[in-house]
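Q:
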C-alpha cells in the first residue's frame with residue numbers, strides 16, 4: 001500500500017561524525033561545484049537548486065560595482081602619507097632612465113602600478129620618430145625625439161595624476177571580490193562565494209584603505225587570487241603552478257605576503273600522485289621568477305635592495321611616528337581588539353557577530369577538512385604572532401586577515417543555516433545584517449568627501465543640540481565664537497572638571513610644539529567626528545584633513561603635557 005508523504009516513516013536522523021552525512025549537507029560545504037552541477041534535492045539542508053545558484057553568481061558583479069562606485073567618489077580625500085614616496089620613486093626612474101624605483105622598502109608592484117598612471121603622458125611622446133644615425137651603427141645615440149623628462153617629473157604629483165593613480169589602485173583592489181567569490185564557490189558553493197564577496201565588498205576597513213596608493217589593498221587582492229587557485233588545485237588535482245605565480249605577485253606587493261608560502265608547500269607535499277621533490281622546485285621557480293619579473297631591482301641593485309629591506313625590519317622593531325606600541329601581549333591585545341571589534345564591521349556588535357561566524361566556520365571546516373583548515377588558519381595565526389612581536393601597529397597590516405576571515409565566516413553562516421527550516425534564510429539574514437550597515441557607511445564616506453562644507457557648521461549644530469559641558473582648544477573656541485557670534489554657556493576654553501567632553505582639530509595638535517604627538521590606535525576614544533569620513537580616525541590620528549573631533553577627556557592621557565594643548 002502506498003502511503004501519503006505525511007504518513008511515511010521519517011528517515012533515521014543522521015548522527016554527527018557519520019561520513020554519510022557529509023555529501024548531502026548542502027550544495028556543498030565541501031564539494032560545492034560538483035554538487036551544484038548535479039542539482040540539490042529539496043531535502044538538502046542548505047542551498048538553492050543548482051541552476052539558480054549559477055545565476056546568482058552574477059550578483060558578485062553588482063557587489064563589485066557598488067564597491068568601485070562608492071570608492072571612486074571618495075578618491076579626492078586629500079593627502080596620504082605614502083603619496084610623496086611613490087612620486088619620488090617615479091621621478092627617480094625618470095631621472096635615471098631605468099624602470100627601477102631605487103627604493104625597496106616595498107617591493108615594486110606599487111611602483112609599476114604608478115608607472116601605469118603615467119601612461120597617458122608617456123603616450124604623448126612620439127616614439128615612432130626615434131631613429132639612429134645609421135641603421136648599421138648599433139648602439140649609437142637615439143635621435144629624432146627628446147624625452148621631456150622634466151615635464152614628466154612635473155606632472156607626477158599633479159592632482160590629475162594622483163586621481164588616476166588612485167583609480168588604478170582602487171580598480172585592482174576591487175578584483176579581490178571576484179577572486180574571493182571564486183574561492184568561496186570552490187570551497188563551499190555559489191551562495192558561500194557570494195556571502196564571502198559581500199562581506200568583503202561592504203567592509204568599511206577594506207573600502208577606505210582601497211582608495212590609498214598603498215600595497216595592502218593590492219595584497220588582499222593577490223592573496224584572494226592565490227587562495228582561489230590553491231583551493232581549486234587542492235580539490236581538482238590541477239597544477240599548483242598558477243598558485244605559485246600568484247604567490248610571486250603577493251610577495252612582490254608586500255614582503256609579509258611570503259607567509260603564504262607555507263600553505264603552498266604543504267599542499268604540494270601532501271598531494272597524491274605527485275612527487276614533492278619534483279614539484280616543489282618547480283613551484284619555487286615559478287614563484288621566484290614572478291617576483292623577479294616584478295621586482296628586478298633585487299638582482300640589479302642587490303645592495304640597495306638589502307639595505308631597504310633591513311631598514312624596514314628595523315623600523316618595525318624600533319617604532320614609528322605616532323604608531324609605536326609595546327611588543328608582546330599588549331600588541332597582541334590591540335590586534336585582537338581590531339580583528340574582533342573593527343575589521344568585520346564599523347559597528348562593534350556586528351563585528352563581534354562576524355568574529356563568531358569566523359570561529360564557527362573554522363570549527364566546521366576542521367570537522368570536514370581538518371588538514372585544510374589547519375593549513376589556512378595557520379596563516380592568520382602566524383601573522384598575529386609576527387606582528388605582535390613588533391613595535392608598530394598599522395591597521396592596514398591587518399587587511400591580510402580579511403580573505404581568510406570572510407571565507408571562514410561564510411562557512412559558519414552556511415552551517416548555521418542547516419538548523420533552519422529554510423536553510424538559505426539564516427545565511428542571507430546574517431550577510432544582510434553585515435552588508436546594509438557597511439554599504440551605508442561606504443555611501444556616507446563618499447558623500448562626506450564630496451561635501452566640502454566646513455566642519456564647523458555641523459559642529460555648531462551639534463553644540464546647539466546638546467547640553468554637555470565641552471572643553472575647547474583656544475583656536476576652536478575662537479572659530480566657534482566667530483561662527484555663532486558667542487560661545488554657548490556649556491562651552492569653555494580649556495579643560496577643567498566637570499568638563500564632560502573635549503573638542504579639537506587634529507591638525508592643531510600636530511602644530512603645537514609643546515604637546516607630544518597624539519598617538520594612534522585609540523579605539524572607542526571619540527564621541528563624534530565632524531568632517532570627511534575618509535578614514536577610521538581612531539586608528540589613524542595622524543590624518544589631518546579638515547575635521548573636528550569630540551572625545552572623552554581620557555584621551556588626554558595620550559599627552560605628556562596635555563595642559564599645553566589648551567594654551
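Residue numbers (my numbering): 1 to 567.
Ideal placement from N, C-alpha and C gives every residue a C-beta, glycine not left out.
Here the structure is a predicted model, which means the values were calculated and not measured.
For residue 226 versus residue 199, is the C-beta spacing smaller than 9 Å?
A: Cβ atoms of residue 226 and residue 199: not closer than 9 Å.
Q: Going by other Cβ atoms of all chains shown within 10 Å of its Cβ, with 16 needed for buried, is residue 50 buried or exposed?
A: Residue confidence for residue 50 is low, a pLDDT of 33 falling below 50, so the modelled location carries little weight; the figure read from the coordinates is stated next. Looking at its Cβ environment, which holds 16 or more other Cβ atoms inside 10 Å, residue 50 is buried.
Q: Report the residue from 481, 352, 258 whose alpha carbon sits nearest the alpha carbon of residue 290.
A: Ranking 481, 352, 258 by Cα distance to residue 290 puts 258 first.
Q: Starting from residue 408, follow the alpha helix (DSSP H) in both directions and report where the run begins and ends.
A: Its alpha helix (DSSP H) spans residues 401-417.
Q: Hey, residue 537 and residue 547: beta-carbon distance below 9 Å or not?
A: A contact, by the Cβ cut-off of 9 Å.
Q: List, from N- to C-terminal side, the alpha helix (DSSP H) runs of 4 residues or more that fit wholly inside the segment 257-300.
A: Counting only runs of 4 or more, we get 261-270, 276-294, 297-300.
Q: Once you ignore the five residues that flank residue 500 on each side, which residues in its own chain have a CB closer than 6 Å to its CB?
A: Once the five neighbours on either side are set aside, the close Cβ partners of residue 500 are 468, 469.
Q: Shortest alpha-carbon distance to residue 126 belongs to which of 147, 110, 113, 535?
A: Residue 147 is the option with its Cα nearest to residue 126.
Q: Using three-state DSSP, classify residue 470 as helix, strand or coil.
A: If DSSP states are grouped into helix, strand and coil, residue 470 belongs with the strands.
Q: Tell me where the beta strand (DSSP E) around residue 503 begins and ends.
A: 501-504 is the extent of the beta strand (DSSP E) around residue 503.
Q: Could you please give the first and the last residue of the uninterrupted beta strand (DSSP E) stretch that includes residue 548?
A: Per DSSP, residue 548 belongs to the beta strand (DSSP E) from 548-551.
Q: Once DSSP output is grouped into helix, strand and coil, what is the label at residue 312?
A: Helix at residue 312.
Q: Just the Cα atoms here: how many angstroms apart are residue 344 and residue 190?
A: Their Cα atoms are separated by approximately 21 Å.
Q: Cα separation between residue 288 and residue 60?
A: Between residue 288 and residue 60, the C-alpha separation is close to 32 Å.
Q: Would you kindly work out how many angstroms separate the C-alpha atoms of residue 233 and residue 271, rounded to a whole number?
A: Roughly 10 Å separates the two Cα atoms.
Q: Give every residue of the same chain whose Cβ lies closer than 6 Å to the Cβ of residue 555, excluding the five residues on either side of it in the sequence, and list them in chain order.
A: Counting only Cβ-Cβ distances below 6 Å, and skipping sequence neighbours, we find 525.
Q: Taking the alpha-carbon of residue 119 as reference, which of 248, 161, 353 has the nearest alpha-carbon?
A: Nearest option by C-alpha distance: 161.
Q: Less than 9 Å between the beta carbons of residue 408 and residue 375, yes or no?
A: In this structure, residue 375 does not lie closer than 9 Å to residue 408 by Cβ.
Q: Using CA coordinates, which residue listed in 306, 250, 503 is at the minimum distance from residue 173?
A: It is 250 whose Cα lies nearest to the Cα of residue 173.
Q: Rounded to a whole number of angstroms, what is the C-alpha to C-alpha distance between residue 187 and residue 231?
A: Distance between the alpha carbons of residue 187 and residue 231 is about 7 Å.
Q: Determine the burial state of residue 298: buried for a count of at least 16 other Cβ atoms within 10 Å of its Cβ, exposed for fewer.
A: Buried, by the Cβ-count rule.
Q: Using the rule of at least 16 other Cβ atoms within 10 Å of the residue's Cβ for burial, across every protein chain shown, is residue 435 buried or exposed?
A: The residue in question, residue 435, is buried, as its Cβ has 16 or more Cβ neighbours within 10 Å.
Q: Under the DSSP definition of a beta bridge, which residues are partnered with residue 492?
A: 471, per the DSSP bridge assignment.
Q: So residue 528 is in the alpha helix (DSSP H); what residue range does that whole segment cover?
A: It is not in any alpha helix (DSSP H) - residue 528 instead sits in the beta strand (DSSP E) that spans 526-530.
Q: DSSP three-state label for residue 23, please.
A: Bear in mind that a pLDDT of 36 at residue 23, under 50, signals an unreliable position, so the model cannot answer this.
Q: Considering Cα atoms alone, identify which of 444, 393, 420, 494 is closest to residue 523.
A: Residue 523 has its Cα closest to that of 393, out of 444, 393, 420, 494.
Q: With distances taken between CB atoms, is the gap from residue 197 to residue 399 smaller than 9 Å?
A: For residue 197 and residue 399, no; Cβs fall outside 9 Å.
Q: What does DSSP give as the partner residue(s) for residue 392 in the beta ladder?
A: 324, per the DSSP bridge assignment.
Q: Do you know offhand how far residue 252's Cα is from residue 350's?
A: About 34 Å.
Q: Which same chain residues, not among the five before or five after residue 124, have their C-beta less than 7 Å away from its C-beta?
A: Excluding positions up to five away in sequence, the list is empty.
Q: Tell me the rounded alpha-carbon separation between residue 316 and residue 308.
A: Straight-line Cα distance between these residues: approximately 13 Å.
Q: Assuming residue 519 and residue 322 are in contact, meaning their beta carbons sit under 8 Å apart, how far apart are those beta carbons, in whole angstroms?
A: 6 Å between Cβ atoms; contact.
Q: Alpha helix (DSSP H) containing residue 198: first to last residue?
A: From DSSP, the alpha helix (DSSP H) with residue 198 extends over 190-201.
Q: Taking only three categories from DSSP, how would you classify residue 244?
A: Residue 244 falls in the helix class under three-state DSSP.
Q: With burial defined as no fewer than 16 other Cβ atoms inside 10 Å of the residue's Cβ, what is the status of residue 506: buried or exposed?
A: Counting Cβ neighbours within 10 Å, residue 506 comes out buried, since at least 16 surround it.
Q: My assumption, with CB atoms under 8 Å, is that residue 77 sits in contact with residue 211. Please give the rounded CB distance.
A: That pair is a contact at about 6 Å.
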